[in-house]
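Residue numbers (the working numbering): 324 to 468.
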Amino acid sequence: MKVEYDAMAAGALLASGNLFHTIVRREVTSSFAVYSKGSLDSVATDLGDSCISALYTNISCPEYPVSDWRSAKWRGTPDDDTVLSSVCTSGCQASLKSWFNTVSSACAGKMLHEATPMRIGGFMWEGWNETCAMDPKTKKYCNGK
């Protein structure tokens, strides 16, 4: 298991005087689920089996930072080149696209918590595109790095 330390969160705790024996860390995984198994049980009858199955499908990307991209906002480009190289891969991009397209098809015409079922995964795919867009000439990220 690879572990990353969240320096920003640790710095905030230190500044507030709450850092004593606390180490803020995040596990870096190679895939994650947008929705954990069982979390959609209360809406399963409304969505149907194929939609629920699609929503529970894992996304083959590092959990951090991708799973944090659950809403529309400006994300910037991570300063850590290791994060960029693990996230900005064709495999991660393809997995996000596949999840979105599969959920779009399996859940067509359905709503989940007053939104389209692919909404959160769509924000994650948007985050990937925003973070990983690269100028083909300069090979620099378009989003600031």
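Where a beta carbon is used, it is the ideal one built from N, C-alpha and C, also for glycine.
Bear in mind the structure is a predicted one, so any value in this text is a computation, not a measurement.
Helix, strand or coil: which one does DSSP assign to Ala356?
strand
Could you give the DSSP three-state label for Asn452: helix, strand or coil?
helix
Note down the Cα distance separating Gly444 from Val366, rounded to an integer number of angstroms.
Taking the straight line joining both Cα atoms gives about 18 Å.
Do Glu437 and Trp397 come within 9 Å of each other at the CB atom, strictly closer than that value?
Contact: no.
Residue span of the alpha helix (DSSP H) that contains Tyr387, given as start and end
It spans Glu386 to Val389 - the alpha helix (DSSP H) in which Tyr387 sits, taken as one unbroken run.
Contact the stretch 356-365 vs the stretch 409-419: 3+ CB pairs below 8 Å:
no
Cα-Cα, which of Met441, Thr439, Gly399 and Asp403 is closest to Ala456?
For the residues Met441, Thr439, Gly399 and Asp403, the minimum Cα distance to Ala456 belongs to Gly399.
Give the DSSP-derived three-state secondary structure of Met441 in the structure shown.
coil
So, helix, strand or coil for Met434, using DSSP?
It is coil, neither helix nor strand.
Taking the alpha-carbon of Asp403 as reference, which of Ala417, Ser353, Tyr387 and Arg393 has the nearest alpha-carbon?
Tyr387
Whole-angstrom distance between Cys384 and Thr345, CA atom to CA atom:
Confidence at Thr345 is low in this model, with a pLDDT of 35, below 50, so its placement is unreliable and the value that follows should be read with caution. When rounded, the distance between both Cα atoms is 28 Å.
Which same chain residues, not among the five before or five after Phe423, have their C-beta less than 8 Å away from its C-beta?
The residues are Met441, Gly444, Gly445 and Trp448.
So, is Ser428 buried or exposed, given that buried needs 16 or more other C-beta atoms within 10 angstroms?
exposed
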